[in-house]
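Down below is the structure, laid out as structure tokens.
Number of protein chains: 2
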Amino acid sequence: MKKAVCLFSGGMDSAVCLYCARNEGYDAVALSFDYGQRHEKEVEAAHRLTHDLGVPHHVIRFKLPWKGSALLERDGKLPEYRDPEKMPKTIPATYVPARNSIFLSFAFSCAEAEEAEAIFFGANVLDYSGYPDCRPEYLEAFTEAMRRGTKAGAQGRAIEIKAPLICLSKKEIVLLGRKLGVPFEKTWSCYAGGERPCGVCDSCVLRAKGFREAGLEDPLLS
Amino acid sequence: MKKAVCLFSGGMDSAVCLYCARNEGYDAVALSFDYGQRHEKEVEAAHRLTHDLGVPHHVIRFKLPWKGSALLERDGKLPEYRDPEKMPKTIPATYVPARNSIFLSFAFSCAEAEEAEAIFFGANVLDYSGYPDCRPEYLEAFTEAMRRGTKAGAQGRAIEIKAPLICLSKKEIVLLGRKLGVPFEKTWSCYAGGERPCGVCDSCVLRAKGFREAGLEDPLLS
Numbered sequence: 002m003k004k005a006v007c008l009f010s011g012g013m014d015s016a017v018c019l020y021c022a023r024n025e026g027y028d029a030v031a032l033s034f035d036y037g038q039r040h041e042k043e044v045e046a047a048h049r050l051t052h053d054l055g056v057p058h059h060v061i062r063f064k065l066p067w068k069g070s071a072l073l074e075r076d077g078k079l080p081e082y083r084d085p086e087k088m089p090k091t092i093p094a095t096y097v098p099a100r101n102s103i104f105l106s107f108a109f110s111c112a113e114a115e116e117a118e119a120i121f122f123g124a125n126v127l128d129y130s131g132y133p134d135c136r137p138e139y140l141e142a143f144t145e146a147m148r149r150g151t152k153a154g155a156q157g158r159a160i161e162i163k164a165p166l167i168c169l170s171k172k173e174i175v176l177l178g179r180k181l182g183v184p185f186e187k188t189w190s191c192y193a194g195g196e197r198p199c200g201v202c203d204s205c206v207l208r209a210k211g212f213r214e215a216g217l218e219d220p221l222l223s
Numbered sequence: 002m003k004k005a006v007c008l009f010s011g012g013m014d015s016a017v018c019l020y021c022a023r024n025e026g027y028d029a030v031a032l033s034f035d036y037g038q039r040h041e042k043e044v045e046a047a048h049r050l051t052h053d054l055g056v057p058h059h060v061i062r063f064k065l066p067w068k069g070s071a072l073l074e075r076d077g078k079l080p081e082y083r084d085p086e087k088m089p090k091t092i093p094a095t096y097v098p099a100r101n102s103i104f105l106s107f108a109f110s111c112a113e114a115e116e117a118e119a120i121f122f123g124a125n126v127l128d129y130s131g132y133p134d135c136r137p138e139y140l141e142a143f144t145e146a147m148r149r150g151t152k153a154g155a156q157g158r159a160i161e162i163k164a165p166l167i168c169l170s171k172k173e174i175v176l177l178g179r180k181l182g183v184p185f186e187k188t189w190s191c192y193a194g195g196e197r198p199c200g201v202c203d204s205c206v207l208r209a210k211g212f213r214e215a216g217l218e219d220p221l222l223s
């Protein structure tokens, strides 16, 4: 059976992405990171969801000893948005330097060790194009670097990055997730780590937009 | 003053590389990894050497929860070589899946956070071309991926990878290190973690070849 490593934060997008991998017939291995982000709720959500699916789940833990992102400074204030239309188109304060490259490098390491042929990555550019490491031209160049720099690539078994959500709107992601049976109530998207989603961080605002435009209720909020 | 992040394992090559960065006028920040390799002597050597130089030193710690390398299996046997001419030209058992991509991704993260303009990396292909992630064509593709995928790159301040040793022989690396004043007695290259270098792992064999061909004695062995 063909195998895929799925980058899985425990959030809505990566959950839909994991279900896409399974829907495409891949035997999935999930990979999460605890990297000193503001809270552990994401990793806990990832653990519950993969456990229920019976999907093997690796968690890589590391700390970035430098600053440079609102996501890493637990005491600082996260940017707040009330209106998704007013979100800036520039690189947001929650950008973590080279984070997706770190995640993808670990995913390629896992894929080589597990002999997986693909990496599923829930990157999405359409609704929020501020993150440079979520763009197709970046993923294409990263894939090429890894084709040249891995044993798998050198042996002609280059590993592919699949980003099935890259050009979907948040609405389309919600609808796709519903079709695939994603248990949205078990996912966690909020950047803050409260009892309930804060409703005003980038991630909450975009998730809410997706559910609203899809005409569905977010079970996390009901 | 221009700044560079130097990947620094504590071994001979990366020490020469760190001295190259300083010699080229860079303010250096050293970056080491404790990733479950067989011993901590490398990281200790890196710490001593950067402390003596007054160079800031970050250590990133993580564990790879998958197998796939003789370097990660503490109980397994390392390949042994008595004759550097007989070392295989294929990818060695000590290859760690996607390791240099993980290291470089962290280095780019550090470089963005520290506003450094270059990353110094002691990769070397000439004596031992088995590692796919030490080749110039890989470094070139990786740089391009990071130009596209980082905030620095998106803002026109792309970070460069400098690999001053890439086409030097081990002899030339030893001679360059001597010229730059590298304290070889403080470096540690051996893959095993004994009191003294084992003398038969890839790394020991190549280091010995370098000193022999340079007509110098390795102070670690005297």
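Quick note, the sequences are listed as chains A and B, same order. To convert, take the position in the first sequence, counting from 1, and add 1; that gives the numbering used here. To convert, take the position in the second sequence, counting from 1, and add 1; that gives the numbering used here. Even glycine gets a Cβ: it sits at the ideal position worked out from N, Cα and C.
A Cβ of chain A is located within less than 8 Å of the beta carbon of TYR139(B). Per DSSP, the continuous alpha helix (DSSP H) segment holding ILE103(B) begins and ends at 100-115. Between the C-alpha atoms of ALA119(A) and HIS48(A) there is a straight-line separation of about 21 Å.
The three-state reading of DSSP puts SER223(B) in coil, since its state is none of H, G, I, E or B. In the displayed model, LYS152(B) falls within a helix according to three-state DSSP. Per DSSP, reduced to three states, the secondary structure at LYS187(A) is helical. For SER15(A), the uninterrupted alpha helix (DSSP H) run begins and ends at 13-24, by DSSP. When the alpha-carbon of HIS40(B) is set against those of GLN156(B), LEU105(B), GLU196(B), LEU217(B), the nearest one is in GLU196(B). When CB distances to chain B are screened at a threshold of 9 Å, the residues of the region 90-115 of chain A falling below it are ILE92, TYR96, VAL97, PRO98, ALA99, ARG100, ASN101, SER102, ILE103, PHE104, LEU105, SER106, PHE107, ALA108, PHE109, SER110, CYS111, ALA112, GLU113, ALA114, GLU115, in chain order.
When 9 Å is used as the limit between beta carbons, LEU166(B) is near no residue of chain A, the shortest such separation being about 17 Å. At a cut-off of 8 Å between beta-carbon atoms, PHE63(A) makes contact with chain B. Under the 8 Å criterion on CB atoms, HIS59(B) is classed as interfacial with respect to chain A. Boundaries for CYS135(A): no alpha helix (DSSP H) harbours it, and the DSSP string shows neither H nor E there.
Relative to ARG136(B), the option among PRO57(A), ALA146(A), LYS42(A), LEU19(A) whose CA is nearest is ALA146(A).
Put simply, of PHE63(B), GLU173(B), VAL183(B) the residue whose alpha carbon is nearest the alpha carbon of ASP35(B) is PHE63(B). Proximity of chain B to ALA155(A) at the Cβ level (cut-off 7 Å) is accounted for by ILE92, PRO133, in chain order.
Of the other Cβ atoms in all chains shown, fewer than 16 fall within 10 Å of the Cβ of SER223(B); this residue is therefore exposed. In the three-state reduction of the DSSP assignment, GLU81(A) falls in the coil class, being assigned neither a helical nor a strand state. Residues of chain B with a Cβ closer than 9 Å to the Cβ of GLY37(A) do not exist; the shortest Cβ-Cβ separation is about 11 Å.
Between the region 103-116 of chain B and the region 103-121 of chain A there are three or more C-beta pairs closer than 8 Å, enough to call the two in contact.
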